[in-house]
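Per this note's numbering, the sequence shown starts with residue 571, numbered consecutively.
The beta-carbon is built from N, C-alpha and C at its ideal position, and this holds for glycine as well.
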Amino acid sequence: MAQAGRRLPHARAFPDAFMALGQHFFRSFGTPMRIETGRRSVTALSTAAVALVLGISGAWAAAGQPSPWETGMQEMVTELGQSVSNFHTYLVWLIAAICLFVLALLLVIVVRFNESKNPVPSQTTHNTLLEVAWTIIPVLILVAIAIPSFRLLRQQLVPPPADLVVKVTGYSWYWGYEYPADQGGGFKFDSNMITEDKDRKPDQPRLLGADNAMVVPVGKVVRVQVTSADVIHSFTVPSFYFKVDAIPGRLNEVWFKAEKEGVYYGQCSELCGNGHPYMPIEVRVVSEQQYAAWLAEAKQKYASTESPAPLKFATAQ
Ligand SMILES: [Cu+2]
């Protein structure tokens, strides 16, 4: 099921190349061009045109984060996300068909039944066949939407047994991750946005890269428990298809099973205060061995969640 509708890497090539053409147009519009600049622009323009024809998406295509002029959903790396993405495409086509049908009916009426062509209008008030048809057909369309929709909702809301649980806490304005001790963890750490360009790794985009990423193994069911320590935040990673509110005093839950190794980014999606745009989510999906290595390293590096030995108080005589 997941493989069926997976988008090919060049699927975004058209909008990308189109954008390049558009940008070129607006940049050069109304500015007196020097000959040299003009020649360079022509080269850029022809490169964009070639990209458009050949379907090369260029450097913009990046998994796990949004890209300019993205018209569809971000590439999904979970089976559920892929199903939802397919469902979205199906709905878009369905809506397009309905809109075209209504438009065609309107055009027929405008052309064939205007006052000059049809001076004496029909006095018909009932047509049983038509009335039954326009009641039954919309019902069938809604059923065709409801069945896959409820199936997806069920898949999302009834999680399979988890291989790993991670607790995520929203703070103003950063995220905290906690890995329970019974699953090889027993530590917690905070994850802040990297503010200095020099501190970012080459694969980390600006405003999305975090100093400490959440790390999970590939192909495992991860249950994420989400809460907040102060105001309402929202834990969102588009590539995994989840968005869940982090609410103080409540424990919300989502699950995902990443099918592909890589780095996937998200952002807080609940307007939570002035640091709201600066609390990115970075999830690194790695192989089982890399995950084991990371666990060992993380236990040394991060704060332990094991409770310290109980304090003994001396009694004053
Ligand atoms: Cu927030």
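Annotation for Tyr744: the continuous beta strand (DSSP E) segment containing it runs 744-749.
Around the beta-carbon of Phe720, fewer than 16 other beta-carbon atoms lie within 10 Å, marking it exposed. Annotation for Gly746 indicates a beta carbon at 7 Å or more from all heavy atoms of ligand 1. The beta-bridge partner set that DSSP reports for Thr739 consists of Gly746, Thr797. Restricted to the stretch 746-784, the beta strand (DSSP E) segments that are unbroken, complete and at least 3 residues in length are 757-761, listed in chain order. Apart from the 5 residues on each side of it in sequence, Gly843 sits with its Cβ closer than 8 Å to the Cβ of Ser742, Trp743, Val801 in its chain, given in chain order. The DSSP-derived three-state label of Pro847 is helix. Going by DSSP, Tyr872 is part of no beta strand (DSSP E) at all; its letter is neither H nor E. Taking a cut-off of 8 Å for Cβ pairs, the stretch 785-800 and the stretch 684-703 do not touch, as fewer than three such pairs fall below it. Nearest Cα to Arg770 within the set Pro750, Asp781, Asp760: Asp781. At least one heavy atom of ligand 1 sits closer than 7 Å to the Cβ of Gly740.
Val785 has its alpha-carbon roughly 7 Å from the corresponding atom of Tyr861.
Nearest neighbour of Lys871 by Cα position, chosen from Gly779, Val833, Val713, Phe757, turns out to be Phe757. For the pair Val647 and Phe810, the Cα-to-Cα distance works out to about 6 Å. If you look at Tyr660, you'll find it in the alpha helix (DSSP H) that goes 649-682. Annotation for Met643 indicates a beta carbon at 7 Å or more from all heavy atoms of ligand 1. Here Asp815 has Ile802, Ser804, Asn822, Glu840 as same chain residues with Cβ atoms under 7 Å from its own Cβ, once five neighbours each way along the sequence are excluded. Between Lys830 and Val794, the C-beta spacing is not below 8 Å.
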